[in-house]
Structures are given as C-alpha cells and as structure tokens.
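With positions in the sequence shown counted from 1, the corresponding number in the working numbering is that position plus 206.
Heads up, the beta-carbon is just placed ideally off N, CA and C, and yes, glycines get one too.
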Amino acid sequence: MKITTAGIFGVLFLTMASSIAAQRSGISLLAGTWDAVVTPRVCATGAPITTFKAAYIFSPGGTFSGVSSGTGSGGRGREQLGVWKHVEGDQYRFRIKAYLFNTAGVVTSYQIVTHDAALYDDALIWSSTGDSRTFSLDGVQINVGCSTIVAGRVEEP
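This is how it looks when you write it as structure tokens:
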C-alpha cells in the first residue's frame, strides 16, 4: 500500500477538525482547575445549611481530584477523587468520593457526591446541583443530603 503526503495531511486535518469540533461542543471545556463554593442544602426545602470552599481539577479523559474545606473530616480538608463526563452541550455530570474521619483522624464512613453541572458560555464559571450519600465502611447508606456548587476557573498566571 502506497502512502502519499496528501493522504497523511488529510488524516491529520480530519483528526484536528474532529478535535476542534469536540472542544467547541463542550466535551473538553470543563477540563481545568476550579475554585468552588459548596452549599449543602436541606433536600426538602432547598434551604442552605452552610457553605465551604473547595478546589477541583477536572482532567482531560474524565478523572477528577479535589480537596474541600468542609468539616466532618477530623478537622482537615477532605481529599476527593472521582470521574466526570460530558452529557451534551454545556451539560456535565460528575461523581466524587471522599472518606470521612472522626476527630481522632480515624476513617468512619465515606461519601459519594453526584452532581449535574452547567458550564456558562464563557467557560469560566459553572454551577451544579446534586446529592451526597454517606455510607458506612461496609457499604450501608446512612444519610443523604443535597447541595449546590458554583465554581470559577483558575486561569493561568
């Protein structure tokens, strides 16, 4: 099989065009580092309970890492790991896991947070709503809560 320069450039052009189209369609626009304000809420009424700050990283390929200043973790920030995906347009969904500790620093349970996020047109801000489910270490659900998040992109210096 003979490979021509025109054929190679054609493949490169199609690859670049599909990458640009994917970026414009929102697939990779959530990727980056974000400063967030998390507001746990009463699920039945939507009333805020408290707020705390967090830092999130949505990596290309769908992995997530973060840390929050929320309490309930032995007085230290909660490290979080998870996954995210593009749903359609400017809509995303993410799921994160965090272990919870008592004041002695012993793990007591874990939390799974699932949110649906909407990225604003400028791709510098997003907001989300969702729930958090707390489980005992043997996997029995012991609590459910609701929350909202508003986040701003951390831009390059």
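Give me, in chain order, the residues of the same chain whose beta-carbon lies closer than 7 Å to that of residue i; leave out the 5 immediate sequence neighbours on both sides.
i	result
residue 257	243, 244 and 245
residue 212	In this prediction, residue 212 has a pLDDT of 46, which is less than 50 and means its spatial position is unreliable; what the coordinates show is noted afterwards. Contacts found: none.
Considering only the alpha carbon of each residue, which of the options lies closest to residue i?
i	options	result
residue 338	353, 240, 346 and 325	353
residue 360	262, 251 and 252	262
residue 301	294, 357, 321 and 285	321
residue 249	363, 356 and 351	351
residue 323	286, 344 and 292	292
residue 342	251, 317 and 286	317
residue 319	274, 344 and 251	274
Taking Cβ to Cβ, would you say residue i is nearer than 8 Å to residue j?
i	j	result
residue 326	residue 236	no
residue 260	residue 272	yes
residue 335	residue 348	no
residue 270	residue 288	yes
residue 290	residue 268	yes
residue 266	residue 234	yes
Once the 5 residues before and after residue i are set aside, which same chain residues still bring their CB inside 6 Å of it?
i	result
residue 304	284, 286 and 317
residue 355	242, 244 and 334
(message) Quick check for students: name the residue ranges of the beta strand (DSSP E) that lie wholly in the region 305-340, counting only runs of 3 or more.
(response) 313-325
(request) Please confirm if the region 324-331 is in contact with the region 307-314, defined as three or more CB-CB distances below 8 Å between the two stretches. (result) Because the criterion of three Cβ pairs below 8 Å is not met, the region 324-331 and the region 307-314 do not touch.
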